[in-house]
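Here's the structure, in structure tokens; my notes come after.
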Amino acid sequence: MTRLLAILLGCLLVLSGCSGGGGSSSASVGNAVTSASATGRWSGTLTSHWSDGDFTDSFVVEFTQNGSNLTGTFTVGTESPVNLTGTMSGSDFTFSGVLSCAGNHTVQFGGTISGDTLTITSASGTSCNGATLLGASGTMTRASNTAMSNATLNGTYIMLQYIDDEVGLSQGGFSRTSRFEVRYDGAGNFNYQELSSSTGGALNSGSGTYSVAADGTLTTSMGDVGVVAADGNSFTTVDTDPSDNAVAIFVGVKKGAGLSNAVLNGTYTVGAIKDDAVNLTQGGHTVANRFKVTFDGSGNFSVNVIESSDGSSYSDSGTYSVEPDGTLTLNFSGYLRVGIVSVDGKTLAFADTDATDNEVGLYYGIKNGTGLSDATLNGTYVVNLFMDDRVGLVQGGDSITTRMEIYFDGSGNTTFTEISTSTGNIETGSGSYSITADGGLIINGKFNGIVNSDGNSFTFSDTDASDNDVAFFVGLKKPKEDSVAGIYALTFFGDNAGAGWEPMYREVVVSGQDVTIRYPYDPYDPSLIVGTGTFDGTNLSLTFPGSNAIATGAYDGYALDLNISTGSRALRMAG
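Using the numbering used here, the letters of the sequence shown map in sequence onto residues 43 to 617.
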């Protein structure tokens, strides 16, 4: 652990060190703005000068400007953001924030903005341990026009919910489904109206607030967290807090205009999670399915089950209708299912909210493509899942929800990191994947699903109940970072002075064209720098003094891929 992070944890601070700090972080997405405005997400390196020493670390500032007033947050490293307030006068700004430790420890920064460059020229304040901030200097870059913000989520969406509201109770799960219309105003506020519910009771309505971070992370005042697609046309969130005995997964698709039956034309692969023992005394019985559904563009469809965790097979046909706003209605064998089609016709979602047959479910489908390959999935995706890990056991279901990030390298390899899970047990791992020409997705030879032809979304299911686990997954791609600047955690296997191969940990710091690789123990000690190099915006080159070792690599918008020993992927620690 670096000295700075140790100080941060010890004081529960969120600005560089109880005794110092500052820093660079990756720029992420944010809408392009004019040079006269501070609004946006800024990142770069900051050196702060404290009475007990100088410190450099990653630093991110997010501003919203309203007239001459500034609000937002600043963040150091991987710590939580600190709320800020400030003012803007011409090209000059000042802002301050109160550190989250005992006492009124406030820090203030000042500087100028020119175009998409923010320069910090002054700083003052005190730290948790009483050190005085004497000054600071650094340059931040504003994210490009590919950015995401609250404005990304703007308009009317159909949102579908699958929830278990008896998690952890002795009678097992009790699943419910709902369909909502949600209106987002693009400024952080929403209101909703429930359109149908499997409970059969009164339909709910209400309002709340939301925020979309520069990397697409969506957080709502209801406590659900997930991700928004870069084009703003879809989202998925998940409730991983079981303290109220409820966990849930949500998918949302934006309503369109001028659509018709013709927008659905071709074959779609549909993943599903359902409970076919709703209202029965033994508690829930979760089933995961995968279907092929073919639409003729004229109001007719056929469906065939490909896989089902309960071993059942099914085929049917029926009619469908698409309203101008994308509302989808399926009619087959006396059943009606209502949902939504995306404006490009590549994504559909619907819910079974009729529990009179003791069955409810959530369905998410993607159109099959052509000419796809492993390269179609390339980057980092936020994936939400709903799982039952007691399928077939006498006590009934035990639902689990998880939010994770999965990285696909475009060549058949994948790594994952869980961010939040209702069990509280965070896991990481790696595996393999393959994609067929029509978009069929296979992960670790077990989970099967479908990839959107644009590579920005996928869904897959675990339909193998032999281990008493079944699950349903929805993933949306995160935007690439616009700047490589930041600090990266690097793990690799190396020969430690001839003592044998062992896992090693270093930090890679990128600032502009300069690169440093260092020991993490005290990065401010120059004697612990073990390598230096250059970066040209894509390609990285490192040399190690005292040896002939050379490392090369590249930045793909998500992480640094370095050819060190057996190769390693350096993951961003900040921003």
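Ideal Cβ placement from N, Cα and C applies to all residues, glycine included.
Cβ contact annotation for SER384 (same chain, cutoff 8 Å, sequence separation greater than five): ASN275, SER276, VAL295, LYS296, GLY298, GLY368, LEU390, in chain order.
Distances from the CA of ALA178 to each of HIS91, TYR204, SER253 were compared; the closest alpha carbon is that of HIS91.
With a contact defined as Cβ atoms closer than 8 Å, LYS316 and VAL305 miss out at about 25 Å. Under the three-state reduction of DSSP output, SER495 falls in the coil class, being neither helix nor strand. Look at the beta carbons and you see the stretch 494–508 touching the stretch 407–425: at least three pairs across the two are nearer than 8 Å.
In the pairwise beta carbon analysis, the stretch 97–110 is classified as touching the stretch 77–89: at least three pairs are separated by under 8 Å. Counting only runs of 3 or more residues that sit fully inside the stretch 141–203, the beta strand (DSSP E) segments are 148–156, 159–168, 174–184, in chain order. Distance from LEU141 to VAL149 at the Cβ level is roughly 7 Å; contact confirmed, criterion being Cβ atoms closer than 8 Å. In this structure, DSSP gives ASP509 a helical state, which the three-state scheme calls helix. For THR395, no pairing in a beta bridge is given by DSSP. When C-alpha distances from THR459 are compared across GLY471, ASN467, SER453, ASP451, the shortest belongs to GLY471. ASP338: member of the beta strand (DSSP E) spanning 328–338, first to last residue. If you draw a straight line from the Cα of GLY376 to the Cα of ASP396, it comes to about 12 Å. Bounds of any beta strand (DSSP E) do not take in ALA80, whose DSSP letter is neither H nor E.
Taking a 10 Å sphere around the C-beta of TYR234, we find 16 or more other C-beta atoms and assign the residue as buried. Contact between the stretch 472–481 and the stretch 275–291 is not established, with fewer than three Cβ pairs separated by less than 8 Å. Beta-bridge partners assigned by DSSP to ASN346: LYS334, SER357.
At least 9 Å separates the beta-carbon of SER355 from that of VAL345. Here DSSP, grouped into helix, strand and coil, assigns ALA417 to helix.
Closest in C-alpha terms to SER359, from the list LEU370, GLU349, PHE343, comes PHE343. Counted as a single uninterrupted DSSP element, the beta strand (DSSP E) harbouring ASN231 occupies residues 231–239. By the Cβ criterion, the stretch 438–452 is not in contact with the stretch 391–410, since fewer than three pairs of Cβ atoms, one from each stretch, lie closer than 8 Å. Residue range 124–131 is occupied by the beta strand (DSSP E) that includes LEU126. In this structure LEU518 is in contact with ALA271, their Cβ atoms being roughly 5 Å apart against a cut-off of 8 Å. Separation of ASN490 and GLU469 (C-alpha to C-alpha, rounded to the nearest whole angstrom) is 21 Å. Here GLY268 is near THR278, since their CB atoms are less than 9 Å apart.
Here SER285 carries a helix assignment [DSSP, helix/strand/coil]. If you draw a straight line from the Cα of ASN171 to the Cα of SER238, it is about 56 Å long. For ALA314, the uninterrupted beta strand (DSSP E) segment begins and ends at 307–317. In the three-state reduction of the DSSP assignment, ASN400 falls in the coil class, being assigned neither a helical nor a strand state. DSSP places SER462 inside the beta strand (DSSP E), whose first and last residues are 455–463.
The DSSP-derived three-state label of ALA304 is helix. 9 Å or more divides the Cβ of THR106 from the Cβ of THR117. In the three-state scheme derived from DSSP, where H, G and I count as helix and E and B as strand, VAL385 is classed as coil. Leaving aside the five residues that flank SER220 on each side, the residues in its chain whose CB is nearer than 6 Å to its CB run, in chain order, GLN203, GLU236, SER239. THR369: member of the beta strand (DSSP E) spanning 369–374, first to last residue.
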